[in-house]
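Enquirer: One structure is given below, represented as structure tokens, and several questions about it will come after.
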Amino acid sequence: MKTAFIINPAAGRGKTKKIWPVLRNLLMPEIVFEEHYTTGHGHASRLAGILEGNGAEKIVIVGGDGTLHEVINGLKKKEAIIGVIPTGTGNDFCRSIGIPADPRSAIRTLSEGRIRKLDLGCVNDSFFINVSGVGFDAQVAQEINTGIRWLTGSPAYLAAVLKLIVTYRNIPLRVILDNHTEIHLKSFLLAVGNAQFYGGGMRIVPSAVPDDGFFHVCAAGNVRKRDVLITLPKVFSGKHIGHPLVREYTAKEIEITSECRTALHADGEIIGHLPAKFSILHRKLNLLVPDKQKTRA
121 MKTAFIINPA
131 AGRGKTKKIW
141 PVLRNLLMPE
151 IVFEEHYTTG
161 HGHASRLAGI
171 LEGNGAEKIV
181 IVGGDGTLHE
191 VINGLKKKEA
201 IIGVIPTGTG
211 NDFCRSIGIP
221 ADPRSAIRTL
231 SEGRIRKLDL
241 GCVNDSFFIN
251 VSGVGFDAQV
261 AQEINTGIRW
271 LTGSPAYLAA
281 VLKLIVTYRN
291 IPLRVILDNH
301 TEIHLKSFLL
311 AVGNAQFYGG
321 GMRIVPSAVP
331 DDGFFHVCAA
341 GNVRKRDVLI
351 TLPKVFSGKH
361 IGHPLVREYT
371 AKEIEITSEC
381 RTALHADGEI
391 IGHLPAKFSI
401 LHRKLNLLVP
411 DKQKTRA
């Protein structure tokens, strides 16, 4: 099987560059592969498209959620088998589907794992694997990507929250679910989940299952700033869902509009502004995950 590795040396604040030579030596000797290194934002996406066009049957990502996001957006046919060795700061998608956080353990999945067909979210012209959304979390994503660079993972998320919460204003949203259910709300945030986690371990959409063919939506209504700070720690366990102003919805297609200029993120990357149209590609991605039977053995 023609195999290519896409390595993001900058992932994990440069950790990947240091650890990759060690990881390479741990790979099974029968695995023959090409190595391709990213050099900047968007490069993983371009590499994925080139490798797919050159007939790569398996593409292994050595990086974090951002690298994975770029790769799935670079693949046109999305037929290649995808493997992930997590070396980023958040690694939220691996957390959702059970790929070991330790990259040394994750390597075993490449030879002993099984293929799991997972859903992909599509919003406007972009794909996402974790969570997309609007509102406060999009503002936080923008702050993390452009303002807060000395922290990573959940500490960066919390620092951005504390910085932005002072001036943030809830936004009016019009949401249409599956072309028939219409919701109007003044919202703190609205997260559309294919998987459960974002922000370095925050379980924002605890009901999400990445192969059930549905989006799971967490909509936080017109909450006060005091409530946000009190409820925020509960997001890591998913217990924020019990708040009276937090609602969950399920849909295959979603439309979101607003009278305000509102940023839109996908997997923590700002991809534009509302309006947004969401659709789901059911079991479109072929991902290597741990084989539970072999793990128990």
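In my numbering, the protein residues as written are 121 to 417. Think of the CB as a built atom: it goes at the ideal place given N, C-alpha and C, for glycine as much as any other residue.
Here's a check: name, in chain order, each residue in its chain whose Cβ is nearer than 6 Å to the Cβ of HIS363, leaving out the five neighbours to either side.
Expert: Correct list, in chain order: THR351.
Enquirer: Cα separation between LYS135 and ALA328?
Expert: Each residue's Cα considered, the two are about 30 Å apart.
Enquirer: Taking all protein chains shown into account, do 16 or more other C-beta atoms lie within 10 angstroms of the C-beta of CYS380, making it buried, or fewer, making it exposed?
Expert: By the 10 Å Cβ count, CYS380 comes out exposed.
Enquirer: Answer yes or no: do VAL204 and ILE192 have a C-beta to C-beta separation smaller than 7 Å?
Expert: Not a contact, by the Cβ cut-off of 7 Å.
Enquirer: In the structure shown, what three-state DSSP assignment does LYS135 receive?
Expert: helix
Enquirer: Under the assumption that ASP331 contacts ARG403 (Cβ atoms under 8 Å), give the Cβ distance between them as a whole number of angstroms.
Expert: 6 Å
Enquirer: Could you please give the first and the last residue of the uninterrupted beta strand (DSSP E) stretch that includes THR377?
Expert: 373-377
Enquirer: Excluding the 5 residues flanking ILE227 on each side, which residues of the same chain have their C-beta closer than 8 Å to its C-beta?
Expert: LEU143, LEU146, LEU147 and ILE205
Enquirer: What are the boundary residues of the alpha helix (DSSP H) that ALA226 is part of?
Expert: Looking at the DSSP string, the run of the alpha helix (DSSP H) that includes ALA226 is 223-232.
Enquirer: Using the Cβ count rule (16 or more neighbours within 10 Å means buried), how would you classify GLY132?
Expert: The residue is buried, with at least 16 neighbouring Cβ atoms inside 10 Å.
Enquirer: Once DSSP output is grouped into helix, strand and coil, what is the label at GLU172?
Expert: helix
Enquirer: Leaving aside the five residues before and after PHE356 along the sequence, list all residues of the same chain whose C-beta is less than 7 Å from its C-beta, in chain order.
Expert: GLY321, MET322 and ARG323
Enquirer: Please go through the same chain and pick out, in chain order, the residues whose beta-carbon is closer than 6 Å to the beta-carbon of ILE127, but skip the five residues on each side of it.
Expert: Taken in chain order, the residues that qualify are TRP140, TYR157 and VAL182.
Enquirer: Determine, using beta carbons only, whether SER378 and LEU293 come nearer to each other than 7 Å.
Expert: yes
Enquirer: Please classify VAL281: does DSSP put it in a helix, a strand, or coil?
Expert: helix
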